[in-house]
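Remarks on the structure that follows.
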Amino acid sequence: MKVPLSAIAHTRSGDKGDTSNIGVIALRPEHYPIILREVTPERVKAYFGDLVKGEVERFELPNLGAINLLLHGALGGGGTVSLRVDAQGKTYGASLLRMEIEDA
Amino acid sequence: MIRIANGQGFWGDWLEAPVRLVDEGPIDFLVLDYLAEVTMSILQKQRQEDPNLGYARDFPPLIGRLADKLKQRNIKVIANAGGVNPAACALAVLKAAPGLKVAVVHGDDVFDRLDTFLAAGYEMRDMDTGEPLTSIRSRILSANAYIGAFPLAKALDTGADVVIAGRSTDTALTLAPMVHRFGWKSDDWDKLAAGTIAGHIIECGAQCSGGNCQVDWENIPDMANVGYPIIEAEPDGSFTVTKHEVAGGRVHSDTVKEQLLYELGDPKRYLTPDCTADFTTVHLEDTAPNRVRVSGIKGGPRPPTLKLSISYTDGWKAIGTLVYSWPQALPKARAADRIVRQRLETLGLHYDEIYTEFFGVNACNGPAAPPNPDPPEVQLRIGVRGKNRKAVDRFTRELIPLVLNGPPGATGFGEGRPPVREIVAYWSALIPREEIETRVEVIS
């Protein structure tokens, strides 16, 4: 069944220069493999479209049931240079929770 | 076991937090993290205007307010409040709290040494773009090396009540009391990694104890009195994250996990001046309400280089807003945006970037935003940036006329023309660690 990512995960996002990171954390241990299968760098890049100019990298933290996504070129130059309201990528994580995934 | 509390996640964080940490229960060390990447450049500008400034000015009055209790209960304070002028910060602290012994850590400020470094062949290329430092040399405002926990621990070894540093890493503030009290060695990699990760968990204050937490956020108790985090550290490197019992908020593996992932890069290679920490070895356990035990952390050797934090001027920017009301709020705001751009073009003004967002429609989430086809109002937000200050200034005069000479239904111009601000950009580079020598000075 198709559900939003918010059904199985919570997130937190922030910045390092012009890169935003999103931590995606499974709400329960059984959700972690689904996150690994569904939340791929390619899908995340496509989901955010024009907002992310560079590549998306993914790291795995099985001990926390979490992945860490790095969205390069995602903050309009970053920090003090950026003209965006969310220059620090604070809302990327919440935004990703709307992405549709297959939950089984 | 020692208790290390963090009462400040950035300069501008809740003023009451450090006072509550002292008043509401037992702690041994109070750490305060004041510095973000941009903060150093702001402080540098303040010091240029007044040689007695350039530090976090909230800090001396706070220590004045807490001085008697710190002394009575033997609570030590470690803060990177010194900014670009730790010596002046120390004098201000002594003025506010004459009975305290203050130790200052010097050596992170390399602003006056950059040309020597360049002459020695260090190109200090930007870690993101790869460009050499010479391309921005004339526009540099500040340059500091991130220093680690060992100089801070040495300052604690002097018996000081307050340790003041400049650009120490955020995590070093928390690791330093462990090195000082447990006698950890500079190659105890697993323990140093554990103390570093403890520092990462509490460095943003309440962001690990209920603040900004997505899980069950509506039911996290008493956020008006949110408790700032406390690490109960053991000599073997394991620790418990908690808060004072009477305080609000929540410490749970959910809140701690969110903060562990915050502003993380490669989780296996979290580099600091003290060690390389491996976040994939962290084991969390909820042992009781508001108590999360953390164990199993592994680390590796510290890198041979230290990171430099360099700020420089990079042109000008201005951001202005107007509000368009229903009906057709979004088409009207879009039309206004097109008109502004056309008028700037007609004037022959060019910018590095013009960027438009529509609040209520797509500002935070871009194409990922939920559809909102007929919003009751939309805020148009246009920003420009460029090297030519006059061009940016002219932009600020092109927005408000739209209230009379653009699409109908515009309002929200109450604050007048938006200000033109100088952009202070941030450059990070590496330098061999041998080039940076720290020194502890005790003042009382």
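Protein chains in written order, with my numbering: chain A, 1408 to 1511; chain B, 162 to 605. Don't be surprised by glycine CBs; every beta carbon is placed ideally from N, CA and C. Every value quoted in this text rests on a predicted model; they were computed, and no experiment measured them.
Inter-residue CB distance, T416 (chain B) and S370 (chain B) (contact presumed, cutoff 8 Å) = In this structure, T416 (chain B) and S370 (chain B) form a Cβ contact; the two beta carbons are roughly 6 Å apart against a cut-off of 8 Å.
message = Under 8 Å, with one C-beta from each stretch per pair, do the segment 172-187 of chain B and the segment 395-413 of chain B reach the 3-pair mark?
response = yes
Residues from the segment 536-555 of chain B in contact with chain A, defined by Cβ distance under 7 Å = R542, G544, R546
query = Taking Cβ positions, are L467 (chain B) and A326 (chain B) nearer each other than 8 Å?
reply = no
request  = Would you mind giving the Cβ-Cβ distance between D219 (chain B) and L176 (chain B), rounded to the nearest angstrom? I have them listed as a contact below 8 Å.
outcome  = 7 Å
query = Under three-state DSSP, which class holds N241 (chain B)?
reply = coil
request  = Note down, in chain order, every chain B residue with its Cβ under 9 Å from the Cβ of T1512 (chain A).
outcome  = In the structure as shown, chain A begins at 1408 and stops at 1511. Residue 1512 (chain A) is therefore absent and cannot be evaluated.
request  = Enumerate in chain order the residues of its own chain whose CB-to-CB distance from E1509 (chain A) is below 7 Å, with the five nearest sequence positions on each side excluded.
outcome  = K1409, E1445
request  = Could you give the DSSP three-state label for T670 (chain B): helix, strand or coil?
outcome  = Beyond the ends of chain B as shown, which are 162 and 605, falls residue 670 (chain B); an answer cannot be given.
query = What is the DSSP secondary structure of L541 (chain B), counted as helix, strand or coil?
reply = strand
query = Are there 16 or more other CB atoms within 10 angstroms of the CB of L508 (chain B), so buried, or fewer, so exposed?
reply = exposed
ask   = Quick one: which chain D residues come within Cβ less than 8 Å of Y1439 (chain A)?
value = Absent here is chain D; the protein component of the structure consists of chains A and B.
query = Can you find a C-beta in chain A that's less than 8 Å from the C-beta of T525 (chain B)?
reply = Strictly speaking, residue 525 (chain B) in this sequence is Cys, with Thr absent from that position. Judged by the 8 Å Cβ criterion, C525 (chain B) is in contact with chain A.
inquiry  = Just to confirm the assignment, what range does the alpha helix (DSSP H) spanning I1442 (chain A) have?
reply    = Unbroken alpha helix (DSSP H) run through I1442 (chain A): 1439-1445.
ask   = Got a sec, what are the start and stop residues for the beta strand (DSSP E) G356 (chain B) sits in?
value = First-last for G356 (chain B): 350-363, but that is the alpha helix (DSSP H), not the beta strand (DSSP E).
task = Within the same chain, show all residues whose beta-carbon is closer than 7 Å to that of E393 (chain B), passing over the 5 residues directly before and after it, in chain order.
result = M162, R164, F400, T401, T403
ask   = Residues in the segment 1412-1429 of chain A with C-beta within 9 Å of chain B's C-beta atoms, listed in sequence order?
value = Within the segment 1412-1429 of chain A, the residues whose Cβ lies closer than 9 Å to any Cβ of chain B are, in chain order, S1413, H1417, T1418, R1419, S1420, G1421, D1422, K1423, G1424, D1425, T1426, N1428, I1429.
query = Cβ of F440 (chain B) less than 8 Å from any chain A Cβ?
reply = yes
query = Excluding the five sequence neighbours on either side, which residues of its own chain have a C-beta within less than 7 Å of the C-beta of G388 (chain B), listed in chain order?
reply = S370, K404, H405, A408, G409, G410
query = For K352 (chain B), which of B:I458, B:L317, B:R452 has the nearest alpha-carbon?
reply = B:I458
task = Give me the Cβ distance between L505 (chain B) and E559 (chain B), rounded to the nearest whole Å; I'm assuming they're in contact under 8 Å.
result = 6 Å
ask   = Of the choices B:I543, B:C525, B:E596, whose alpha-carbon is the least far from that of L1458 (chain A)?
value = Answer by Cα proximity: B:C525.
request  = Select from B:P534, B:P428, B:L483, B:P488 the residue whose C-alpha is nearest the C-alpha of T557 (chain B).
outcome  = B:L483
inquiry  = I'd like the list of long-range same chain contacts for V601 (chain B), defined as Cβ closer than 8 Å, with 5 residues on each side in sequence excluded.
reply    = Taken in chain order, the residues that qualify are A264, V265, V266, H267, P312, K315, A316, T319.
inquiry  = For G356 (chain B), which residues in the same chain have their Cβ closer than 6 Å to its Cβ, ignoring the five residues on either side in sequence?
reply    = L336, M339
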